[in-house]
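Down below is the structure, laid out as structure tokens.
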């Protein structure tokens, strides 16, 4: 999850001297039942971003009004638990600050997510800890309307956008894609195939880009028609 955004981050970091990452992940579609359960699992956790190499906790009800790249629209986004990027770049000497916003492009759905998050904070997290899972499962079940339809690349689009900045430079990388679940499945299948044939670039706890290389993973996604060439704008 978030590997396509991590690819965009690493393309931005190919330019030396950029130490601050402002990341946006948006997609069109509706989550599967399993994804919905995952989202409600995230609501149990504390959420963090990286600020000057230190984890800083988000307020649980934090929201962002974001500009959608390539569109005249604004969107509503949330921290999604802080995402994995602050962890992957915590000890990267190139990076000091990472903030990530994410969500679906359907604004009413996001407004419902924000309202549900507030309800979890006020009505569920005030209960004894051993009752959280049961209550969250009930909410997740109410949200799930069964399996969504098969992804249509004309409808199920994705945007991964990274603004990278430093004292003397700025760079914006956008990857437009489609079919998030196909992206996920392809990356996992390719990773398994690669591990059967060669050693990863990094062993142990590692991200997709750390283990296999961001340019390699971008090539795999491009090969199967799931992302466009990154749009890169740089100012130095």
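In my numbering, the protein residues as written are 9 to 244.
Note that the Cβ used here is the ideal one computed from N, Cα and C, for glycine as well.
In terms of Cα proximity to residue 64, the closest of 108, 27, 21 is 108. In the three-state reduction of the DSSP assignment, residue 169 falls in the strand class, which pools E and B. The segment 171-179 and the segment 223-235 do not touch, with fewer than three beta-carbon pairs separated by less than 8 Å. For residue 43, the closest alpha carbon among the candidates 200, 31, 115, 145 is that of 145. Under the three-state reduction of DSSP output, residue 95 falls in the helix class.
Of all alpha-carbon atoms in 198, 135, 35, 216, the one lying nearest the alpha-carbon of residue 164 is that of 35. Excluding the 5 residues flanking it on each side, residue 243 has same chain C-beta neighbours closer than 6 Å at 178, in chain order. Taking 7 Å as the cut-off, the beta carbon of residue 38 is found no closer than this to the beta carbon of residue 148. For residue 105, the enclosing beta strand (DSSP E) covers residues 105-112. The residue among 68, 76, 93, 136 with its C-alpha nearest the C-alpha of residue 127 is 68. Sixteen is the threshold: when 16 or more other Cβ atoms of the shown chains lie within 10 Å of the Cβ of residue 85, as they do, the residue is buried.
Annotation: the continuous beta strand (DSSP E) that includes residue 242 extends over 239-243. The residues 35, 185, 188, in chain order, have a CB closer than 6 Å to that of residue 166 in the same chain once the five nearest residues on each side in sequence are set aside.
Residue 204 has its alpha-carbon roughly 27 Å from the corresponding atom of residue 95. When only Cα atoms are considered, residue 87 and residue 207 end up about 34 Å apart. Boundaries for residue 179: no alpha helix (DSSP H) harbours it, while the beta strand (DSSP E) harbouring it runs 177-186, taken from the DSSP string. At least 7 Å separates the beta-carbon of residue 105 from that of residue 62.
Under the three-state reduction of DSSP, residue 32 is assigned to strand.
In terms of Cα proximity to residue 16, the closest of 121, 183, 195 is 183.
For residue 206, the three-state secondary structure derived from DSSP is coil.
Nearest in C-alpha terms to residue 191, of all of 211, 217, 235, 202, is 235.
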